[in-house]
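Undergrad: 0 is the number of the first residue of the sequence shown in numbering that gives the first Met the number 0; add one for each residue after it. I have a structure I would like to understand better, so I am pasting it below and will then ask my questions one at a time.
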Amino acid sequence: MTEQGAQAALEASGLAYEMVRHGVVHSLEEAAAARAVDPSAIVKTIVVRRADDDYVFVLVPGDRTIAWPKLRALLDVSRLSMPDASTARDVTGYERGTITPFGATHPWPVIADGRIRGRTVSIGAGAPGVAATVDGDALIKALEATVADVTQ
Numbered sequence: 000m001t002e003q004g005a006q007a008a009l010e011a012s013g014l015a016y017e018m019v020r021h022g023v024v025h026s027l028e029e030a031a032a033a034r035a036v037d038p039s040a041i042v043k044t045i046v047v048r049r050a051d052d053d054y055v056f057v058l059v060p061g062d063r064t065i066a067w068p069k070l071r072a073l074l075d076v077s078r079l080s081m082p083d084a085s086t087a088r089d090v091t092g093y094e095r096g097t098i099t100p101f102g103a104t105h106p107w108p109v110i111a112d113g114r115i116r117g118r119t120v121s122i123g124a125g126a127p128g129v130a131a132t133v134d135g136d137a138l139i140k141a142l143e144a145t146v147a148d149v150t151q
């Protein structure tokens with residue numbers, strides 16, 4: 000997939016967004032500065048494998064990480080894993096670092112950490128240095144995400 004695919008999916012979702020383009024960044028802090036947001040407002044999209052050919056997207060605030068026990072409990076599974084880069088590309092259509100639910104090759108379920116609600120956030124838009132600034136509540140609604148406390 001490409002930035003154009005993600006943007007087309009954003010348009011189709013009806014979600015109001017502002018596209019932000021910036022140069023290559025090498026850290027959360029650099030990305031936050033380039034997007035003029037707090038690091039906690041950056042939303043990382045993590046693809047997680049729960050079984051053979053069964054994945055979920057987990058939306059994680061930039062300053063947090065997945066709390067694996069919480070996520071396993073939510074999904075009622077004993078084991079989860081992160082796919083390697085090649086598999087992640089195959090199941091999403093995006094390279095690591097550019098993964099977004101918007102325009103992905105498969106509409107995997109989305110789980111959003113509750114800290115995304117009630118604020119403006121910045122989510123990757125399918126290419127390096129491209130992000131969409133959106134309302135967190137509207138993002139959750141557009142993606143029909145399950146909201147839960149899944150980070151630490």
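Cβ coordinates follow ideal geometry from the N, Cα and C atoms, glycine included.
Is the region 45–57 close to the region 3–15, with three or more CB pairs under 8 Å?
TA: no
Undergrad: Bridge partners for SER121 per DSSP, in chain order?
TA: Beta bridge pairing from DSSP links SER121 with ILE41, THR132.
Undergrad: Taking 7 Å as the limit between beta carbons, can you name the residues of its chain near ASP37, skipping five residues before and five after?
TA: So the qualifying residues of the chain are ALA31.
Undergrad: DSSP three-state call for LYS127: helix, strand or coil?
TA: Checking the displayed sequence, the identity of residue 127 turns out to be Pro instead of Lys. PRO127: coil per DSSP, three-state reduction.
Undergrad: According to DSSP, is ALA35 part of a helix, a strand, or is it coil?
TA: coil
Undergrad: If you drop the 5 nearest sequence neighbours on each side, which residues of the same chain put their C-beta closer than 8 Å to that of ARG116?
TA: GLY135, ASP136, ILE139, VAL146
Undergrad: Pick helix, strand or coil for VAL90, following the three-state DSSP scheme.
TA: helix
Undergrad: Assuming ALA103 contacts THR91 under a Cβ cut-off of 8 Å, what Cβ separation, rounded to an integer in Å, is found between them?
TA: 5 Å
Undergrad: From what residue to what residue does the beta strand (DSSP E) around GLU2 run?
TA: No beta strand (DSSP E) holds GLU2; the alpha helix (DSSP H) holding it covers 2–12.
Undergrad: Which residue from VAL129, ALA141, GLY113 puts its Cα closest to that of VAL24?
TA: VAL129
Undergrad: Is the beta carbon of SER183 less than 9 Å from the beta carbon of ASP62?
TA: As shown, the chain starts at 0 and ends at 151. That puts residue 183 outside it, with no answer to give.
Undergrad: Ignore the nearest five residues each way along the sequence and tell me which others in GLY113's own chain have a CB closer than 7 Å to its CB.
TA: VAL146, ALA147, ASP148
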